[in-house]
Structure formats: C-alpha cells, structure tokens
Amino acid sequence: MVRVVYRIAIVDDNETWCYTLKAVLQHHSFNVSTFTDAYEFLNVAWQFDLALIDFSMPTRLFKRELDGSQVITQVKERVKNPPFLVLISSYFTKDSLAVAQQICPNADAYLSKSSGLTRIVGLVKDVAANQPKLNASTPSPSERDAQETRHRSNLRT
Numbered sequence: 001m002v003r004v005v006y007r008i009a010i011v012d013d014n015e016t017w018c019y020t021l022k023a024v025l026q027h028h029s030f031n032v033s034t035f036t037d038a039y040e041f042l043n044v045a046w047q048f049d050l051a052l053i054d055f056s057m058p059t060r061l062f063k064r065e066l067d068g069s070q071v072i073t074q075v076k077e078r079v080k081n082p083p084f085l086v087l088i089s090s091y092f093t094k095d096s097l098a099v100a101q102q103i104c105p106n107a108d109a110y111l112s113k114s115s116g117l118t119r120i121v122g123l124v125k126d127v128a129a130n131q132p133k134l135n136a137s138t139p140s141p142s143e144r145d146a147q148e149t150r151h152r153s154n155l156r157t
C-alpha cells in the first residue's frame, strides 16, 4: 500500500515564519512547501490539500497588489478542486477575525499566528483527518505538465 502524504502550502512573505512553521509541520509528517510570492503559489495551488495564506502578504500580480484574501478568491475561482484554504495573520483579534470573514468569505478557516503553533498544527491535523486528500493520486509527469499548463493559462486570462 502506498502512503499518501498530505500536501501543505505556506504562503507568507515572512521567511522566518515559513521556515519555522514548515519545520514544525514536517515534524508531524506533512509534506510542506513554502512560497514567499503569492503568484508562484497560484501557479501550483492545485497540487496542495491545504494552504495557510497570510492575510497581509502583498505581491505584484498583473501590476497590482494581491493580498491573502485575493489569493484565496483567485484559487477558489480557478482551481477545480481547491485546497482547504486558511487565512492567517499576526494581526487577527476576535474583532478583526469577524472583519476578515466579511472581507474574505471564501476562506475555509481563519487563524491568528498569535494563537500559537500548537493551535495551527491542531487545525492542520483536524483538516487532514477529516478531509479527503484532494490529490490522492499522483499524476504522471505528462499529466502533471498538462495540468500545470492549463492552470498557468487560466491565470493569464
């Protein structure tokens, strides 16, 4: 039996945070990739089962700024089976979480970085245990190339 590893993306402009969270999640046997540029993540979003996306992460896309809520909206619009999308921020409080839910209703969950790594890992484990893996079968190299080409075309239209 082949063991399928749950694939997680961390999308955040803070490299130290990416490194720390990646190490913690890998310790719990998750396959983790980090992206400090949202555009790079958008090109491969379809490959992941869960994505932790920073709310205040700006990047240049088509000569305009793109924050975490816009990344989530684009993933939901363009990816047939989008990953479980978690909007995460250092600045979330109880009050600002309610505002974030209004700004970005497409997120599947909302977390504050200040809630701690234990809570973040707990959410990831809960989602992994209760959500079927979106990418349970690994495509062949030619299928992967075709899928990637389609997704890149969609991003440019």
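Counting from 1, position 146 in the sequence shown corresponds to residue 146 in UniProt numbering; the numbering is continuous, with no gaps. Just so it is clear, CB atoms sit at the ideal spot from N, CA and C, and this is done for glycine as well.
Ranked by Cα distance from Ser56, the first of Gln70, Trp46, Val32 is Gln70. Asp126: member of the alpha helix (DSSP H) spanning 117 to 130, first to last residue. In this structure, the beta-carbon distance from Leu66 to Ala38 falls below 8 Å. In this structure, DSSP gives Leu111 an extended state, which the three-state scheme calls strand.
Between Trp17 and the set Val127, Ser90, Gln102, Val99, the nearest pair of CA atoms involves Ser90. A distance below 8 Å separates the beta carbons of Val86 and Leu50.
By the Cβ-count criterion, Asp12 is buried, with 16 or more other Cβ atoms from all chains shown falling within 10 Å of its own Cβ.
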